[in-house]
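Taking it in order: structure first as structure tokens, then the write-up.
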């Protein structure tokens, strides 16, 4: 438990806020997949802490992102730079503990890592994306729910000698019906990147169709990273649901998904017949956040397990949806 | 200054306990409980219990509705894994037990009696299947039978945890006649939350129990009524979030207090409340709880 100073709390899109907090203690321990539990002061309403995925952590600071959903996040948006907040964390089990127990037990941040985010489910995946060589698909209702270009720039693989300078462009859909795709592009002069080629993209180009399908994607990994955007209204990136564009990956790939339950359910179904390691980062109403009250139950094949102490991430095959 | 209190033959260093349901070995990662009066473990049952379907918790203004359904690993696992860790925490430990019938209460008591716990809190908020699911704690006869049976199987102190009854004289009297050493109240208040947009209940098990600051005035009312009708020590529970709240319960005559929902919000709240009471007594020149209670005009 620590009292932590807020360095920045601002809107980064019309609906997404980013709060940067100063704590070497939390930032030093935080790993992708973990969360912090914030005590938002509003007398006794809200009363319980609010769990928030760690969006990134580096040096002496870490960040969260949120949208205003209710009274808690509404008050959270009012905090000013220099204010402080009582925070518990980092809590929960990092993604890496699940990623390193895959079938082939290779290093956690492997080449074949695909991250699928719905809405602010991007938060924990962004942290993992920053630390890995991953392909990231971000879905939202509209462009306001997509991280701005500024957040996606210069996000390469940490710790690599040739850190990739990534330029992001939110490409507007053009009149020819080309896919609206945001791709991270490698700077000139570096080894040419293999783009993700989707059958949908190909089909759109060739036939001008806008038919939705779960498309086959191929990706040759380089040291670069890729991002694909999907919005329900097509205001940026591809039009549809993120689950319309799930990559048809090869055996041994790792999928990590975070987003609304219907999305996670679809992700589980889609990958259930494939020989991939699919991990779902779950959300649940929490009481304590540290394993005492047993409020945040999720149903699994082993009975109820708890998002705060057994998760937030679970193997997709273990999770039972209603 | 002396904050110690006595229940049965046991002295507690101060009147602050962490309530059942809101404390487990995981709490010890976030706070040092050695400075507290004691802690009460989560209610344990004979067999493991999965608990109720989610969602199990819903926040209301200044309160929380929960419906955990006594999720616990069962007595065997509790004795093997949970209790040893808690017993090493240098404070008094009270084990909360929840039986499906009298026999289960007896068996739980026998097993726990062999451990180093200070006492047993008898959770009487379980449904009595033989009596159409009425909570044991609402039926004076059930309270007598259960607490008598527990008494016959342990010499450790026994605390009866009672539900929130506005007129609790009969129940309190039943507990007193059986040889209980103290009563604690109130347990959570039955509550419901619905969502008019989704058309669904907010809690998976439909209704739940309300706790938190919202229930403090009701808890004070029930505790006050209980104190008037018994000579047993009364432990006040319900919505205590700071030393001021705790002092209110002590002022009306409670011997001790339990902190529940407050621990979920702030695992270190118990120490803050002890410190707050100490500071107040120091400022006012009060030497012990009895002297503080003599100020009461009730």
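Chains as they are written, first to last, in this note's numbering: chain A, 1 to 322; chain X, 323 to 620.
Backbone N, C-alpha and C define an ideal beta-carbon position, used for all residues, glycine too.
Assigned secondary structure, residue i (DSSP; H/G/I helix, E/B strand, else coil)
i                      : result
residue 59 of chain A  : coil
residue 380 of chain X : strand
residue 614 of chain X : helix
residue 482 of chain X : strand
residue 97 of chain A  : helix
residue 397 of chain X : helix
residue 407 of chain X : helix
residue 124 of chain A : helix
residue 52 of chain A  : strand
residue 300 of chain A : strand
residue 313 of chain A : strand
residue 241 of chain A : coil
residue 428 of chain X : helix
residue 371 of chain X : strand
residue 435 of chain X : helix
residue 282 of chain A : coil
residue 8 of chain A   : strand
residue 418 of chain X : strand
residue 604 of chain X : helix
residue 321 of chain A : coil
residue 268 of chain A : helix
residue 246 of chain A : coil
Chain X residues whose Cβ lies nearer than 7 Å to that of residue i
i                      : result
residue 66 of chain A  : Correct list: empty, because the minimum Cβ distance to chain X is about 17 Å.
residue 49 of chain A  : 587
residue 284 of chain A : 376
Chain A contact residues for residue i, given Cβ-Cβ distances below 8 Å
i                      : result
residue 270 of chain X : Nothing about residue 270 of chain X can be read from this structure; chain X reaches only from 323 to 620.
residue 386 of chain X : 47, 48 and 287
residue 534 of chain X : 44 and 47
residue 563 of chain X : 44
Beta-carbon proximity of residue i to residue j, cut-off 8 Å
i                      : j                      : result
residue 512 of chain X : residue 529 of chain X : yes
residue 268 of chain A : residue 290 of chain A : no
residue 591 of chain X : residue 542 of chain X : no
residue 583 of chain X : residue 533 of chain X : yes
residue 16 of chain A  : residue 145 of chain A : yes
residue 621 of chain X : residue 385 of chain X : Look at the range of chain X in this structure, 323 to 620, and you will see that residue 621 of chain X is not part of it.
residue 475 of chain X : residue 428 of chain X : yes
residue 424 of chain X : residue 581 of chain X : no
residue 380 of chain X : residue 285 of chain A : yes
residue 401 of chain X : residue 419 of chain X : no
residue 95 of chain A  : residue 33 of chain A  : yes
residue 577 of chain X : residue 557 of chain X : yes
residue 342 of chain X : residue 364 of chain X : yes
residue 441 of chain X : residue 493 of chain X : no
Per-residue burial, residue i [other beta carbons within 10 Å of its own, 16 or more giving buried]
i                      : result
residue 612 of chain X : exposed
residue 59 of chain A  : exposed
residue 421 of chain X : buried
residue 301 of chain A : exposed
residue 514 of chain X : exposed
residue 521 of chain X : exposed
residue 566 of chain X : exposed
residue 407 of chain X : exposed
residue 326 of chain X : exposed
residue 194 of chain A : With a pLDDT of 36 at residue 194 of chain A, under the threshold of 50, the predicted position of this residue should be treated as unreliable, though the coordinate-derived value follows. Residue 194 of chain A should be labelled exposed.
residue 354 of chain X : exposed
residue 3 of chain A   : exposed
residue 133 of chain A : buried
residue 588 of chain X : buried
residue 414 of chain X : buried
residue 228 of chain A : buried
residue 81 of chain A  : exposed
residue 447 of chain X : buried
residue 150 of chain A : exposed
Amino acids of chain X, ordered along the chain, whose beta-carbon sits closer than 8 Å to that of residue i
i                      : result
residue 309 of chain A : 348
residue 303 of chain A : 372
residue 298 of chain A : 376
residue 97 of chain A  : In chain order: nothing, as chain X lies at least about 18 Å away.
residue 281 of chain A : Under the 8 Å cutoff, chain X gives no residues; its nearest Cβ is about 16 Å from residue 281 of chain A.
residue 293 of chain A : 343, 344, 379, 388, 390 and 586
Neighbouring residues, chain X, relative to residue i (Cβ below 9 Å)
i                     : result
residue 39 of chain A : 587 and 588
Interface residues of chain A facing residue i [CB-CB closer than 7 Å]
i                      : result
residue 519 of chain X : Those do not exist, as residue 519 of chain X stays about 13 Å from chain A at its closest Cβ, beyond 7 Å.
residue 381 of chain X : 46, 47 and 48
Beta-carbon neighbours of residue i, restricted to chain D and to distances below 8 Å
i                      : result
residue 393 of chain X : You won't find chain D in this structure, because its protein chains are A and X.
- Completely contained alpha helix (DSSP H) runs for the region 564–602 of chain X, where each covers 4 or more residues: 565–573 and 583–587
- Which ranges does the alpha helix (DSSP H) cover as unbroken runs of at least 4 residues, wholly within the region 470–554 of chain X, from first to last along the chain? 491–499 and 538–550
- In the region 66–93 of chain A, which residue ranges form an unbroken beta strand (DSSP E) of at least 3 residues, counting only runs that do not cross its ends? 84–91
- Query: Mind pulling the beta strand (DSSP E) runs of 3 or more residues that sit fully within the region 13–41 of chain A?
  - Reply: Look at the region 13–41 of chain A and you find these whole runs of beta strand (DSSP E), each 3 residues long or longer: 17–22 and 35–39.
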